[in-house]
Amino acid sequence: MSDFASQLPKGAPADPRSTDPKDATQGKGRAIRPRDAGTLLVLDRSAKDVRVLVGKRHGKHAFMANRYVFPGGRTDPGDSRVPLSEGHDLRADDLKKLTAGTVKRFTPRRATATALSAVRETYEEAGLFIGKRASTERFLAAGWEAFSDHGIVPDLSKLRFIARAITPPGRVRRFDTRFFACWRDEAVAHELPEGGPTQELSDLTWLPIEEAVGSDNLPGITRIIVAHLVERLQTDSDLQRLVSVPMHFERRGDMVLERL
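The UniProt record's numbering puts the first residue of the sequence shown at 1, with every later residue one more than the last.
Now the structure itself:
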């Protein structure tokens, strides 16, 4: 067993790297810089087993086609311009961890934008509004009109930063993804019964997290992130404790796990 694999939680795949040829870089010598992205694990605790929301990506997607994933995606410029009401910011400890080990230009504002992109994408892909009802309608930013239309403002205070992963070199898409988690009963202000307007995710499913760890329908890195979450919930059942956050990346051809 490799040193990397020995550090992984129980049940996690030993290597998260995709073996799908569709994910490989087209053309030799193509260097792709990872782009900031945010992903959200929405957790439901209304039943005996904690469940997480996943959806199936379209087969025509260039990256992770036909795989079940969490809502999320690339951070857009407009995400950094969304105003947050007092008390709706990320927890200070999470914000500190988000900027740890990053380049100087990755400011707290940019870190906050990754969380906001996860919130926006969760609406667009799954139809869930993460936020609070607002007393008055207010314009947020381009791409956030639906929140304004529904009288909802984003609230990041219920989100927890749980992991970071950088797509290895040699892939058709590369992301520096920050993973967040929240409880459905605490963070979701409104749900669209028809799902998200972009229809990027189909077959939206609330999957028991223990089942997600062992599911071959989920990418390796997705299963590893869930395994980390399962491990954390064993000692931090409400996601309130201040704990280290796992970070996955490739260094000189080997997968590395560090803690933030």
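Even glycine gets a Cβ: it sits at the ideal position worked out from N, Cα and C.
Since we're looking at a predicted model, the values are computed, not measured.
For E211, the number of other beta carbons within 10 angstroms of its own is below 16, and it is reported as exposed.
Secondary-structure assignment with DSSP links L40 through a beta bridge to F180. Bounds of the beta strand (DSSP E) holding V54 are R51 to R57.
Contact between the stretch 71-85 and the stretch 231-239 is not established, with fewer than three Cβ pairs separated by less than 8 Å.
Counted as a single uninterrupted DSSP element, the alpha helix (DSSP H) harbouring D93 occupies residues A92 to T99.
With respect to the 7 Å criterion, V42 and R184 are classified as neighbours on the basis of their beta carbons.
R223 and S85 have their C-alpha atoms spaced approximately 34 Å apart. Beta-bridge partners assigned by DSSP to D254: R251. Within 10 angstroms of the beta-carbon of L242 lie fewer than 16 other beta-carbons, which makes it exposed.
A direct Cα-to-Cα measurement between R259 and I162 gives close to 11 Å.
With 16 or more other CB atoms across the displayed protein chains lying within 10 angstroms of its CB, A165 is buried.
Counting other Cβ atoms within 10 Å of its Cβ, P168 reaches 16 or more and is therefore classed as buried. Taken in chain order, the complete alpha helix (DSSP H) segments of 4 or more residues contained in the stretch 202-252 are 209-213 and 220-233. In this structure, DSSP gives R67 a state outside helix and strand, which the three-state scheme calls coil. Note on geometry: alpha-carbon atoms of E200 and G55 lie some 9 Å from one another.
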